[in-house]
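For the sequence shown, this note's numbering assigns the number 2 to the initial residue and increments by one for each residue that follows.
Heads up, the beta-carbon is just placed ideally off N, CA and C, and yes, glycines get one too.
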Amino acid sequence: MVPLDAVAAEHVRSWLGEPTGPGLLDLYQALAEHRQGLWGDHPRVPRSVLLLREGGRQLEAFGAGDPEPAVDWLCRRGEKSVALLAPKDWWDAVGRRIEGVEQAEVLTLSAAASQRPTKPAVVTRRLTVDDSAAFLAPEIALEWALWGWGTFRALVERGAGYVVPFGSGFAAMAWVYSQAGDYEAIGVSTVLRFRRLGLGKAAASALVSEIIETREKVPLWSTAPENEASVAMAQSLGFSIATLETFLRWSRPQGFIRTR
């Protein structure tokens, strides 16, 4: 596997096409923006592609195309535990190489244009380029907040976000953390002492309204199926269940059993 440049990324897009649903949104965005972290089985005409992201405790991988040789290459990487989101035809390829593979589900909900949330009573405002420090403040920042964009400026210029101001920072915020095609996935974060006051919902409501009415996209909300509070908030904003995606997870080094 080799790093993909812009030419190779465009080749992958030619056979992968545009997203027809919420799955693999991170991979689609990385290909469209020719981001770093893309790997393929050929420097110009890859048929197997992986997006790799280094998290604090694990390596996140998103795959498409021919599972070989991407799975073989990924399974040989031994520096971190791995979480892989890929089509089901990749699962057998992983199972032949790794012992003790676990499955973890992520529930994604979507909101249609007819499901506009009500205008929040709480005062919110749009994110601006001057909000970087407040957005990245430890009490509210999430590790993955900018993984889809790379930089805060890219988020503000090509995405969108709304916040509930508090002093020089934010009590809550909602932002587009990933986008591709007609879809925009949103994240919500609230400072611990301001939770259960409806502030996160207010920021999310303002953002969902902009995504539907101004950006004319389909908003997505992803969470663990057992996170009842998150699911309930999404449904209160007009979201309904769209898909259930499955990540494959395995640990290092004890999970590795054989190579080819």
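| Check | Outcome |
| --- | --- |
| Supposed contact pair L86 and F248 - C-beta distance, whole angstroms, cut 8 Å | 5 Å |
| Residue closest to R196, alpha-carbon to alpha-carbon, out of V177, A161, A173, E61 | A173 |
| I141 versus G201, V95, R48, residue with shortest Cα-Cα distance | G201 |
| Length of the line joining the Cα atoms of R48 and E185 | 26 Å |
| Inter-residue spacing [alpha-carbon to alpha-carbon] between M2 and H43 | 7 Å |
| Cβ-based neighbour list, P70, same chain, cut-off 8 Å, excluding 5 preceding and 5 following | M2, D42, S49 |
| Residues that I187 bridges to, as DSSP identifies them | V177 |
| Three or more C-beta pairs below 8 Å linking the region 96–115 and the region 238–245 | yes |
| Within the region 141–173, ranges of the beta strand (DSSP E) (whole runs, at least 3 residues) | 162–167 |
| Integer-rounded CB distance, given that T125 should sit under 8 Å from Y178 | Not quite, the Cβ-Cβ distance comes to about 18 Å (not below 8 Å), so this is no contact. |
| Three-way DSSP call (helix, strand, coil) for T21 in this model | coil |
| Inter-residue Cα distance where the pair is A134 and S169 | 10 Å |
| Where F63 sits in the DSSP three-state scheme | strand |
| Sub-8 Å separation of V72 and R98 beta-carbons | yes |
| Residues sharing a beta bridge with L26, DSSP | In DSSP, L26 forms no bridge with anything. |
| Coarse secondary structure for L198, derived from DSSP in three states | coil |
| Residues sharing a beta bridge with Q104, DSSP | L249 |
| From S190, E11, Q30, residue whose alpha carbon lies closest to that of F63 | Q30 |
| A205 and V123 closer than 8 Å at C-beta | no |
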